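Protein chains: 2
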Amino acid sequence: MSLLQLSESTEMYLKAMVELGLSNVVSIGRLAERLNVTPVSANEMVRRLGDQGLLTHTPYKGVSLTDKGREAACDVVRRQRLWEVFLYEHLHIEWAKLYELACSLEHATAPEVTEALAAFLDDPKFCPRGNPIPAADGTFQPLDGHPLSTASVGETMEVLAINATTTDVLKYLQERGILPGQTIRVLEAAPLQGPLTLKVGEKEVALGLSLAEFVIVKTE
Amino acid sequence: MSLLQLSESTEMYLKAMVELGLSNVVSIGRLAERLNVTPVSANEMVRRLGDQGLLTHTPYKGVSLTDKGREAACDVVRRQRLWEVFLYEHLHIEWAKLYELACSLEHATAPEVTEALAAFLDDPKFCPRGNPIPAADGTFQPLDGHPLSTASVGETMEVLAINATTTDVLKYLQERGILPGQTIRVLEAAPLQGPLTLKVGEKEVALGLSLAEFVIVKTE
DNA sequence: TGGAATAATAAGGTCAGCCATAACATTTTG
DNA sequence: CAAAATGTTATGGCTGACCTTATTATTCCA
Ligand SMILES: [Mn+2]
Ligand SMILES: [Mn+2]
Ligand SMILES: [Mn+2]
Ligand SMILES: [Mn+2]
Numbered sequence: 026m027s028l029l030q031l032s033e034s035t036e037m038y039l040k041a042m043v044e045l046g047l048s049n050v051v052s053i054g055r056l057a058e059r060l061n062v063t064p065v066s067a068n069e070m071v072r073r074l075g076d077q078g079l080l081t082h083t084p085y086k087g088v089s090l091t092d093k094g095r096e097a098a099c100d101v102v103r104r105q106r107l108w109e110v111f112l113y114e115h116l117h118i119e120w121a122k123l124y125e126l127a128c129s130l131e132h133a134t135a136p137e138v139t140e141a142l143a144a145f146l147d148d149p150k151f152c153p154r155g156n157p158i159p160a161a162d163g164t165f166q167p168l169d170g171h172p173l174s175t176a177s178v179g180e181t182m183e184v185l186a187i188n189a190t191t192t193d194v195l196k197y198l199q200e201r202g203i204l205p206g207q208t209i210r211v212l213e214a215a216p217l218q219g220p221l222t223l224k225v226g227e228k229e230v231a232l233g234l235s236l237a238e239f240v241i242v243k244t245e
Numbered sequence: 026m027s028l029l030q031l032s033e034s035t036e037m038y039l040k041a042m043v044e045l046g047l048s049n050v051v052s053i054g055r056l057a058e059r060l061n062v063t064p065v066s067a068n069e070m071v072r073r074l075g076d077q078g079l080l081t082h083t084p085y086k087g088v089s090l091t092d093k094g095r096e097a098a099c100d101v102v103r104r105q106r107l108w109e110v111f112l113y114e115h116l117h118i119e120w121a122k123l124y125e126l127a128c129s130l131e132h133a134t135a136p137e138v139t140e141a142l143a144a145f146l147d148d149p150k151f152c153p154r155g156n157p158i159p160a161a162d163g164t165f166q167p168l169d170g171h172p173l174s175t176a177s178v179g180e181t182m183e184v185l186a187i188n189a190t191t192t193d194v195l196k197y198l199q200e201r202g203i204l205p206g207q208t209i210r211v212l213e214a215a216p217l218q219g220p221l222t223l224k225v226g227e228k229e230v231a232l233g234l235s236l237a238e239f240v241i242v243k244t245e
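These protein sequences, in sequence, are chains A and B. With the first sequence counted from 1, adding 25 to any position gets you the numbering used here. With the second sequence counted from 1, adding 25 to any position gets you the numbering used here.
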């Protein structure tokens, strides 16, 4: 089961599928949104990836990875998250920029470089954003958590990971202390999809629901 | 003078110009050969790069870099050679594979990653193939050497650098001990563009002229 | 259950970077 | 100096990955 040579665009579609939930059926709309393309374009691309046997598309239902697609996707995610570790631990790059910078490198990384990098880094299990790194053999244990957006008032939780990708969003969360390892509590949830009011350490923080979706938490 | 966003293909054309001699006028044919495209394609591309002000093309004479092109080109070369150092010194990647592996990474490397990498590596001045690494400020001192193919019989030289790019050629030279730092002597030059016979350490080695072009030497 | 939202499909475009073939121009070399 | 080698230009073609606009199909929800 060696990995094929996939285009950068293909790899990004596959990675998005993992980021939107490895085992989820993902709607074309969500995929399009994440990848910043129109739904029509995502539709075309999904057909192409389907033809390559990387994913299956059930019309009007959504897309899911095939075994082959999942393997390739996990490999991309592995490369990205290993680079995040390197950029953070050894090059001391700003935390909020890690995703975007590693997102370029991931597509330019040959298998032997990936494995040598993993060895150099001492086989890390998590990236600096708190996400697990798929193993070399393709096994991947997603986090046992849920988005902060689904938490209820009064709940106290630990932040496991930040799933955002853009530097501005990551910076925004970082500035408010919302980082892996942090304990937070939901003080209030405004009605009509309004923001959450959180206790983050000693501070109170208001956080919009769509931002809260990026914050993966575990109830303590 | 910040660097523009150039495509991978553009960067490869620029890098080739440096590798074929920073200040040389390079024929379209040589460029095409190095980049593995047809002369017609190289011609089209040279027109595009000319329009962008990266190089100038004198019909029937050849191509040379503009100041802008040279700056961008040196930056690409810097990224590549820094990656070569990292892959070799820290990831322990096979010497012969360095060029090809770093050649992918170079295009995916943001300026802040380049500089952080340089700092991490302690600002190396040479890559493992013996080539100088352009400085962050764009200054670049090419090697003071000449191709082994132009050496005369009896000459004793030190190998400064290997300018080959493909893994197979690099492996071939490595297997014969032709590596930076090695002292070699030309024992014989066969007529009709025939091979050189070299003394490499204790061994005698026959080397074709086109391979000898990749070996940059300095007469002792 | 009907209208709104979402998704699919069709048709036609763009753009970069390649390809081939053929005709023509210039330079090099024997 | 003439022929060979090299370079240029013209045409036309291709692929991947995007786009828009418009029409049609399905699903969701009030
Ligand atoms: Mn990416
Ligand atoms: Mn390259
Ligand atoms: Mn079409
Ligand atoms: Mn055309």
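Where a beta carbon is used, it is the ideal one built from N, C-alpha and C, also for glycine. None of the values given here were measured: they were computed from a predicted structure.
DSSP state of residue i mapped onto helix, strand, coil
i	result
B/R201	coil
B/V43	helix
B/V110	helix
A/T139	helix
B/V178	coil
B/S34	helix
B/R210	strand
A/S89	strand
A/A231	strand
Closer than 8 angstroms to chain A by CB, residue i
i	result
B/S32	no
B/A97	no
B/L130	yes
B/L168	no
B/V211	no
B/L142	yes
B/A161	no
B/I118	yes
B/V71	no
B/F239	no
B/L126	yes
Best match in the options for proximity to residue i [C-alpha to C-alpha]
i	options	result
A/S177	A/E200, A/V211, A/I187, A/G94	A/V211
A/R154	A/A186, A/E119, A/P136, A/Y38	A/A186
B/H117	A/A97, A/E114, A/A127, A/A141	A/A141
B/M42	B/D193, B/A67, B/A135, B/G226	B/A67
A/L123	B/E227, B/E137, B/H132, B/V65	B/E137
B/N188	B/C152, B/S89, B/L80, B/L29	B/C152
A/Q30	A/T192, A/T81, A/E96, A/E245	A/E96
B/Q218	B/E229, B/E238, B/V225	B/E238
A/V230	A/P216, A/I241, A/G202	A/G202
B/N156	B/I241, B/A144, B/E183	B/I241
8 angstroms Cβ cutoff, residue i in contact with chain B
i	result
A/E114	no
A/A121	no
A/E109	no
A/F165	no
A/E36	no
A/V138	yes
Classification of residue i by the beta-carbon crowding that lies within 10 angstroms, buried from 16 upward
i	result
A/D148	exposed
A/Q105	buried
A/G46	exposed
B/D193	exposed
At a cut of 8 angstroms, does the segment 108–125 of chain A reach the segment 69–83 of chain A through at least three beta carbon pairs? no
Touching or not, the segment 223–235 of chain B and the segment 149–168 of chain B, by the rule of three or more beta carbon pairs under 8 angstroms? no
Let me have the residue list for ligand 5: C-beta closer than 7 angstroms to any non-hydrogen atom, ordered along the chain. Absence of ligand 5 is noted for the structure shown, with ligand 1, ligand 2, ligand 3 and ligand 4 being the only ligands found.
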